[in-house]
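J.: Just add 135 to the spot in the sequence shown (first one is 1) and you have the numbering used here.
Even for Gly, the Cβ is constructed at its ideal location relative to N, Cα and C.
Keep in mind the model is a prediction, meaning the values are calculated, not measured.
Here it is, the structure, as structure tokens.
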Amino acid sequence: MVSKRVYGADGRALCAMKSPSNTDIVFIRMPGIVSFAEMAAVQRERRGAVESGTAPDTVYFLQHSPVITLGRDARPDHMLSDSATLHAAGIEVIETDRGGDVTYHGPGQIVAYPIFNLNHWRPSVGWYLRSLEEVVIQAIRPFGLQGERIPPYTGVWVNGAKVAAVGVGIRKWITWHGIALNVHPDMRHFAHIVPCGIPDKPVTSLQLLLGSAPSMDSVMAQMETAFRDVFASHG
136 MVSKRVYGAD
146 GRALCAMKSP
156 SNTDIVFIRM
166 PGIVSFAEMA
176 AVQRERRGAV
186 ESGTAPDTVY
196 FLQHSPVITL
206 GRDARPDHML
216 SDSATLHAAG
226 IEVIETDRGG
236 DVTYHGPGQI
246 VAYPIFNLNH
256 WRPSVGWYLR
266 SLEEVVIQAI
276 RPFGLQGERI
286 PPYTGVWVNG
296 AKVAAVGVGI
306 RKWITWHGIA
316 LNVHPDMRHF
326 AHIVPCGIPD
336 KPVTSLQLLL
346 GSAPSMDSVM
356 AQMETAFRDV
366 FASHG
């Protein structure tokens with residue numbers, strides 16, 4: 136039995152609980168709105184520490200400033216607005232080293248970045264992607280929502296609309312990037328792209344599905360519980 140610790144952005148422990156896993160997961164909630172570039176640097180540093188064994192497996196929770204990210208499989212025709220339009224809307228465009236196509240991040244969306252050594256869990260890309268989807272499915276269930284998968288795509292849908300995107304990077308079984316769960320983002324910003332390169336699947340949010348948005352803290356708390364539950368049996 137080991138302690139599953141929850142940390143604030145200042146590194147101070149917020150709470151601890153026992154888990155049957157033999158691997159410790161640290162949860163860090165980044166305050167405010169975080170730029171994509173800033174978080175990329177944080178992930179790089181943490182990846183090195185996790186790989187060297189000087190830091191435990193970590194999940195960062197945060198909200199990004201408005202940004203469209205281009206994964207390794209992104210197609211130019213999945214960008215529906217030109218650079219001038221995006222600049223006027225205050226949206227950055229950044230190429231990334233994650234898998235997948237085009238994705239939007241912004242305030243009102245919870246981004247979860249697990250920095251894991253999959254050798255602690257299961258060194259399998261497919262298993263890891265399905266596990267991240269399961270985290271979302273379990274996290275939104277207490278709000279009365281039934282998430283589902285739509286093969287062959289990656290992500291989580293409710294009533295045929297995508298509520299969470301999943302895109303990761305993995306090198307030497309160390310993970311980065313992760314989950315983007317729409318709580319109450321500005322949904323107009325998704326009109327600038329073909330989200331995740333899937334033209335016939337709309338996007339949605341918890342606010343649209345429920346009529347009002349749950350608090351970001353309450354959703355993060357459910358995601359923390361889901362991470363523990365999903366990964367505990369594989370530690």
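Less than 9 Å between the C-beta atoms of T310 and G302, yes or no?
T.: No. Outside cutoff.
J.: Pick out the complete alpha helix (DSSP H) segments inside the region 211–283, 4 residues or longer, and give them in chain order.
T.: List check, alpha helix (DSSP H) in window: 218–223, 260–275.
J.: Just list the residues that DSSP pairs K297 with in beta bridges.
T.: In the DSSP output, where bridge partners are listed per residue, K297 has W292, V338.
J.: For H324, which three-state DSSP category applies?
T.: It is helical.
J.: From what residue to what residue does the beta strand (DSSP E) around D192 run?
T.: Start and end: 192–199.
J.: Count the C-beta pairs between the region 322–336 and the region 212–229 that are closer than 8 Å, then say yes if the count reaches three, no if not.
T.: Judged by Cβ distances under 8 Å, the region 322–336 makes contact with the region 212–229, as three or more pairs qualify.
J.: Within the continuous beta strand (DSSP E) that includes R164, where are the two ends?
T.: Unbroken beta strand (DSSP E) run through R164: 160–169.
J.: With a CB to CB cut of under 8 Å and the five nearest residues on each side skipped, what residues in its chain are close to A172?
T.: Cβ within range, chain order: I229.
J.: Going by DSSP in three states, R306 sits in which element: helix, strand or coil?
T.: DSSP places R306 in strand when its eight states are reduced to three.
J.: Is the Cβ-Cβ distance between G234 and G206 less than 9 Å?
T.: Yes. Within cutoff.
J.: Short of 6 Å in beta carbon distance, which residues of its chain neighbour D243, apart from the five on each side in sequence? Order them along the chain.
T.: A small fix is needed here, since residue 243 is Gly in this sequence, not Asp. Hits under 6 Å: V318, H319, P320.
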